[in-house]
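First residue of the sequence shown: 48, per the numbering used here; consecutive thereafter.
For every residue, glycine included, the Cβ atom is placed at its ideal position computed from N, Cα and C.
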Amino acid sequence: MNFSSPDVLDAVFVNISGKWPSDMATNQKWVTTYAQAAERALLSGSAFLSDKNTWENNFGTNFFVPGLDSDEGTNITWWRRWDGQANDNGFIPYSTFQSPILKQYAGQVKKCGVNINLNVGFCYQPLLPPNCTCCAFSQNNQNCGSNK
């Protein structure tokens, strides 16, 4: 996966929201099959738009989606928390997700007559290849630098 700038965020994001059926084993199998099929078809990694409570209520506290090449699984999350704050304050690690790469901090905000969700991105060195220049970005503003 390439996370060097907003233009090359190369991953298939799977939106995990709402209440899924009560059979967690079936839910786990479905999301694993879906994420791995996307990874095979697009030669890209998978990542998830979710939050701790939604993830754990649908899949259990210790579930992670295994990757195709190893048992490490994905560690990329687009964190949904509509608190109006464009920061990662309050993030609680869950599954294999230690810190968010993106945060959806507001939903259904009216801009130019259209309702949109607001997002902000973060640069975390452990997720990036060595010598990578990255950008903090949002839909409203681009604030790029050479955070290495």
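- Straight-line spacing of the CA atoms in residue 127 and residue 149 works out to 9 Å.
- The Cβ neighbour count for residue 168, taken over all protein chains shown within 10 Å, is at least 16; the residue is labelled buried.
- For residue 145, the closest of 164, 62, 88, 98 by C-alpha to C-alpha distance is 98.
- Note on the stretch 82-165: whole beta strand (DSSP E) runs with a minimum of 3 residues are 92-97, 124-127, 149-158, in chain order.
- Within the same chain, Cβ atoms closer than 8 Å to the Cβ of residue 133 are found at 150, 152, 165, 167, 185, the five residues on either side in sequence being excluded.
- Per the C-alpha coordinates, the member of 154, 67, 62, 155 positioned closest to residue 107 is 67.
- Secondary-structure assignment with DSSP links residue 168 through a beta bridge to 149.
- In the assembly as shown, residue 94 is a buried residue. Its beta-carbon has 16 or more other beta-carbons within 10 Å.
- With 16 or more other CB atoms across the displayed protein chains lying within 10 angstroms of its CB, residue 82 is buried.
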